[in-house]
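J.:
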Ligand code: FES
């Protein structure tokens, strides 16, 4: 049943649960967390299975938070491929209606950047709610009973890497937001850019280096992408690749806060960074 339809005509967006819409020519599998490693391979396997049907112009994967590539970025790839109607399938568990509602909104905002030419988009319910998933678990249990499962044991060593017992020596710390709203504004790519810049400046190691880590939502989503730089506790907002370069060079190397991107804690910002602007 259609749950919601919003402003058709400007890249119309609607949401349907477990109902494949006729005329879909692109499928976008939307994971919740980072696509690195095995999670990325799993998503790609799912995408391959959909591609193998041969029914779609393109089949892509995107990530809601803590990774690459974001929903708006992959919607753009689908549109560039000529898609007129994109089906977005949230590949995660739980009835996180507020997250899916917000992601639908992010998709709609992206469509507005394309004006009247934007493709139509349809969101399904999350895969985790689909009844066929229960059947898959029952089948996996049956296969395990048939000894097709993998046992636990036979490790060459039970020792973990020694580095996991060492506190990183860097005196400066950066917490980079990878929440869903910052991710939709390109935080995943900016984090990679930050690491490259730190590497270029020789700041990845030693006491004078920078220890960077990803976090979930830091709260001021309207000002994203955001990050906090310690020990000063400077909030940097509205980040871009150029801003990252300046912060690394002028602040982390030169010792001067880049005021243009720094925001004062506790103050309501009258000019939030416009969503979809980056
Ligand atoms: S998602 Fe980054 S501040 Fe909320």
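In UniProt numbering, the protein residues as written are 1 to 278. We put the CB at the ideal spot given by N, CA and C, even for glycine.
Taking the alpha-carbon of residue 126 as reference, which of 138, 120 and 89 has the nearest alpha-carbon?
T.: Walking along the chain shown from the start, residue 126 turns up at place 126. Among 138, 120 and 89, the Cα nearest to that of residue 126 belongs to 89.
J.: My parser needs the alpha helix (DSSP H) runs of 4 or more residues fully inside the stretch 148-226; what are they?
T.: The qualifying runs are 180-184 and 187-200.
J.: Start and end of the alpha helix (DSSP H) containing residue 113?
T.: For the purposes of this step, residue 113 is identified with residue 113 of the chain shown, where counting begins at 1. 97-113 is the extent of the alpha helix (DSSP H) around residue 113.
J.: Given that a residue counts as buried once 16 or more other Cβ atoms are within 10 Å of its Cβ, and exposed if not, what is residue 112?
T.: Translated into positions along the chain shown, residue 112 becomes position 112. Per the 10 Å Cβ criterion, exposed.
J.: Going along the chain, which unbroken runs of the alpha helix (DSSP H) with 4 or more residues stay wholly within the stretch 234-267?
T.: The stretch 234-267 contains these whole alpha helix (DSSP H) runs: 241-246.
J.: Can you name the start and end residues of the beta strand (DSSP E) that residue 128 belongs to?
T.: Reading the chain shown from its first residue, position 128 is the one you call residue 128. Where residue 128 is concerned, there is no enclosing beta strand (DSSP E), given that its DSSP letter is neither H nor E.
J.: Taking only heavy atoms of ligand 1 into account, decide whether any of them is closer than 7 Å to the Cβ of residue 109.
T.: Here residue 109 refers to the residue found at position 109 of the chain shown. No, Cβ of residue 109 sits at least 7 Å from all heavy atoms of ligand 1.
J.: For residue 68, is the beta carbon positioned less than 7 Å from some heavy atom of ligand 1?
T.: Position 68 of the chain shown, counting from 1, holds the residue named residue 68. Checking the Cβ of residue 68 against ligand 1 gives no.
J.: Look up residue 64 in the DSSP assignment and say whether it is helix, strand or coil.
T.: Along the chain shown, one-based indexing puts residue 64 at 64. Looking at residue 64 - three-state DSSP - the assignment turns out to be coil, as it is neither helix nor strand.
J.: In this structure, what does DSSP give as the bridge partners for residue 146?
T.: Walking along the chain shown from the start, residue 146 turns up at place 146. Bridge partners of residue 146: none, in fact.
J.: Can you give me the C-alpha to C-alpha distance between residue 276 and residue 225, rounded to a whole angstrom?
T.: For this step, residue 276 is matched to residue 276 along the chain shown. For this step, residue 225 is matched to residue 225 along the chain shown. For residue 276, the predicted structure reports a pLDDT of 45, less than 50, and the residue's modelled location is therefore unreliable. The matter cannot be settled from this model.
J.: Return yes when at least one heavy atom of ligand 1 lies under 7 Å from the C-beta of residue 218, else no.
T.: Counting from one through the chain shown, the residue named residue 218 turns up at place 218. Flag set: Cβ of residue 218 near ligand 1.
J.: When DSSP labels each residue in this structure, what does residue 39 get in the three-state scheme?
T.: Taking the first residue of the chain shown as position 1, residue 39 is located at position 39. Residue 39 falls in the helix class under three-state DSSP.
J.: Excluding the five sequence neighbours on either side, which residues of its own chain have a C-beta within less than 8 Å of the C-beta of residue 56, listed in chain order?
T.: In the chain shown, the residue the question calls residue 56 occupies position 56. Excluding sequence neighbours, residue 56 sits near 24, 25, 26, 27 and 50.
J.: With the cut-off set at 8 Å, would you say residue 43 and residue 86 are in Cβ contact?
T.: For the purposes of this step, residue 43 is identified with residue 43 of the chain shown, where counting begins at 1. For the purposes of this step, residue 86 is identified with residue 86 of the chain shown, where counting begins at 1. For residue 43 and residue 86, no; Cβs fall outside 8 Å.
J.: What is the DSSP secondary structure of residue 31, counted as helix, strand or coil?
T.: For this step, residue 31 is matched to residue 31 along the chain shown. Of the three classes helix, strand and coil, the one that applies to residue 31 here is strand, per DSSP.
J.: Is residue 181 near ligand 1, judged by its Cβ being under 7 Å from some heavy atom?
T.: Here residue 181 is taken as the residue at index 181 of the chain shown, counted from 1. Yes.
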